[in-house]
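Colleague: Starting off with a structure, shown below.
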Amino acid sequence: ISLHVQDDKTNTKVAGRVRPPSGRQSKPHQDTEQYFYPTQKQKQRRRTKDNFPNWPDPKQSTSDDYMIKPSDYETIEYMKQASADDILVDYGNFRCNKKELGCLLNPTEFINSETANVAIRLLKEKWYKREREDGSIYLETAYASKMLWRDGTPTDPKEKTEEDEQKDEADQDQINFIGRRVFLPVNITDSHWYVAVLNARKREIQVLDSLNYAFGLKDLERMLDGLQKHLNRLNKQGFLQIGPGQKWKDIQIKKWPIKKPIPRRMQFDGYNTDRFFSIYLTSPHILCSNHYQNQCSYSCGLFMYKFYDCWNGTTLSPNFSQKDITNLRLKLGADLVNNELNREKGSPGNSKFINVDRPHSEDEDF
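So the sequence shown is residues 1 to 366, counted in full-length UniProt numbering.
Take a look at the structure:
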């Protein structure tokens, strides 16, 4: 095929254009426009843009579901009038008295581990009844996370006593990874909560942090180290099913990439993040003092609860705002007390409560 070369006077920057016999003009080999190379941050924004198409206004509520109803007023008043040692919530293995559950009555109080555990227990029953986007899930409690963090510290085997070894064997029963995604709560020195999701299908660890990862991941890395030890031991003893066709293809979680899928800060209450972060890096032990605990991240524990509830492996479904979380505090307290799982008979409306010896979600793969 003979090609006819013809000068193109309309474009002096290109020496010539190639025209086949058909007369159709081809694109020049030389691009006259300057190439654009996106930065890593711009690439990340492009990847996450579709996952979070509509960010809610932090000052606006997205749903009335977070608001207390007239029927909840009696329960909230009951919680306020209870004495510090009165048991308000009894879900079998998880119980809370007024002193512990009182953090849901104070808008500037940190969510403690006991309250977080009963809230997670409530979600376990909720998610027993329905599946999520990519299969089964497992919601771990703050107790197990603390145990994993403890075991992440390198220990000389010679220093272990017989009692310690028995405790380790007993703790193995608390490690139940039966879902494609395992949710782990991470607590930074009783000052900030965030969530780590072990996504077995994607073989990655997804970190969900309402403060946009302001504190780093030191506590998570130590927790993963402890978890890796437990998984290796369970696999060696033949308790795990790993490989093709199984929910988990491998258990080398320390080699999995850590992803931060939430691209922006969602929480806007609590302490001055920059000042608190500098203290965390230099003198983390003083964060346990009463002075700094009163300046903690107020609603991060409630964000953790909603991350557990709404994260589907790709996005938050549905998304929520800071205003929703602020409204959720009282609503969650009323829901925990009024739920049918509560065995405490002194609660308002106890006639509708039932005793549940072994709730489904404690045993089943949901």
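We put the beta carbon where it would ideally sit given N, CA and C, even for glycine.
Between I68 and I76, which are expected to be in contact by the criterion C-beta below 8 Å, what is the C-beta distance as a whole number of angstroms?
Modeller: Residue 68 sits at position 68 when you count from the first residue of the sequence shown. Residue 76 sits at position 76 when you count from the first residue of the sequence shown. Right, the Cβ-Cβ distance comes to about 7 Å (below 8 Å), so this counts as a contact.
Colleague: Starting from I111, trace the beta strand (DSSP E) both ways and give me its first and last residue.
Modeller: Mapped onto the sequence shown, residue 111 falls at position 111. That residue, I111, is in no beta strand (DSSP E); it is neither H nor E in DSSP.
Colleague: If you drop the 5 nearest sequence neighbours on each side, which residues of the same chain put their C-beta closer than 7 Å to that of C103?
Modeller: Within the sequence shown, the letter at position 103 stands for residue 103. Excluding positions up to five away in sequence, the list reads E109, F110, I111, N112, T115.
Colleague: Given a cut-off of 8 Å, decide if I253 and Q237 are closer than it, judged by their beta-carbon atoms.
Modeller: Start at 1 with the first residue of the sequence shown, and residue 237 comes out as number 237. Start at 1 with the first residue of the sequence shown, and residue 253 comes out as number 253. Contact flag unset, no.
Colleague: Let's test the definition: count the other Cβ atoms within 10 Å of the Cβ of Y308 and tell me whether it reaches 16, buried, or not, exposed.
Modeller: Looking up residue 308 in the sequence shown gives position 308. Burial is judged here by how many other beta carbons sit within 10 angstroms of a residue's own beta carbon; Y308 has at least 16 and is buried.
Colleague: Whose CA, out of L341, G333, N342, lies closest to the CA of E74?
Modeller: Sequence index remark: in the sequence shown, residue 74 carries index 74 (1-based). For the residues L341, G333, N342, the minimum Cα distance to E74 belongs to G333.
Colleague: Thinking F52 and T315 are a contact (beta carbons under 8 Å), I'd like their distance in whole angstroms, please.
Modeller: Locating residue 52 in the sequence shown gives position 52, where the first residue counts as 1. Locating residue 315 in the sequence shown gives position 315, where the first residue counts as 1. Yes, F52 and T315 are in contact; Cβ-Cβ is about 6 Å, under 8 Å.
Colleague: Could you work out which residue in L231, W248, L341, P185 is closest to Y143 when comparing CA atoms only?
Modeller: The count along the sequence shown starts at 1 and reaches residue 143 at position 143. For Y143, the nearest C-alpha among the options comes from P185.
Colleague: When you compare each of F303, D65, N93, K146 to R222 by their alpha carbons, which one comes out closest?
Modeller: The count along the sequence shown starts at 1 and reaches residue 222 at position 222. Checking every option, the nearest Cα to that of R222 belongs to K146.
Colleague: Return the Cβ separation of Y66 and L328 in integer angstroms, given the expectation that the two are a contact with Cβ distance under 8 Å.
Modeller: Start at 1 with the first residue of the sequence shown, and residue 66 comes out as number 66. Start at 1 with the first residue of the sequence shown, and residue 328 comes out as number 328. Y66 to L328, Cβ: 5 Å. Contact.
Colleague: Going by other Cβ atoms of all chains shown within 10 Å of its Cβ, with 16 needed for buried, is N117 buried or exposed?
Modeller: Here residue 117 refers to the residue found at position 117 of the sequence shown. The residue in question, N117, is buried, as its Cβ has 16 or more Cβ neighbours within 10 Å.
Colleague: Report, in whole angstroms, the separation of the C-beta atoms of I120 and I205, which I expect to be a contact under 8 Å.
Modeller: For this step, residue 120 is matched to residue 120 along the sequence shown. For this step, residue 205 is matched to residue 205 along the sequence shown. Contact doesn't hold; Cβ gap of about 19 Å is too wide.
Colleague: Taking just the CA atoms, how far does V195 sit from M266?
Modeller: Sequence index remark: in the sequence shown, residue 266 carries index 266 (1-based). Sequence index remark: in the sequence shown, residue 195 carries index 195 (1-based). Taking the straight line from one Cα to the other gives about 14 Å.
Colleague: Taking I242 and D250 to be in contact with their CB atoms under 8 Å, please state how far apart those CB atoms are, rounded to whole angstroms.
Modeller: On the sequence shown, position 242 is the one that residue 242 refers to. On the sequence shown, position 250 is the one that residue 250 refers to. Contact holds; Cβ gap of about 6 Å.
Colleague: I'd like the list of long-range same chain contacts for K306, defined as Cβ closer than 6 Å, with 5 residues on each side in sequence excluded.
Modeller: One-based indexing of the sequence shown puts residue 306 at position 306. F320.
Colleague: Does G245 pass the burial test, meaning 16 or more other C-beta atoms within 10 Å, or should it be called exposed?
Modeller: Along the sequence shown, read from residue 1 onward, the residue named residue 245 stands at position 245. G245 should be labelled exposed.
Colleague: Under the three-state reduction of DSSP, which class applies to Y308: helix, strand or coil?
Modeller: The residue labelled residue 308 in the question sits at position 308 within the sequence shown. Y308 falls in the helix class under three-state DSSP.
Colleague: Starting from Y194, follow its DSSP beta bridges and name the residues at the other end.
Modeller: The sequence position of residue 194 within the sequence shown is 194, counting from 1. In DSSP, Y194 forms a bridge with V186.
Colleague: Starting from E221, trace the alpha helix (DSSP H) both ways and give me its first and last residue.
Modeller: Stepping through the sequence shown from its first residue, residue 221 is reached at position 221. Per DSSP, the unbroken alpha helix (DSSP H) holding E221 starts and ends at 218-236.
Colleague: Here's the rule I'm using: 16 or more other beta-carbon atoms within 10 Å means buried, otherwise exposed. How should R181 be labelled?
Modeller: Here residue 181 corresponds to residue number 181 of the sequence shown, with the count starting at 1. By the 10 Å Cβ count, R181 comes out buried.
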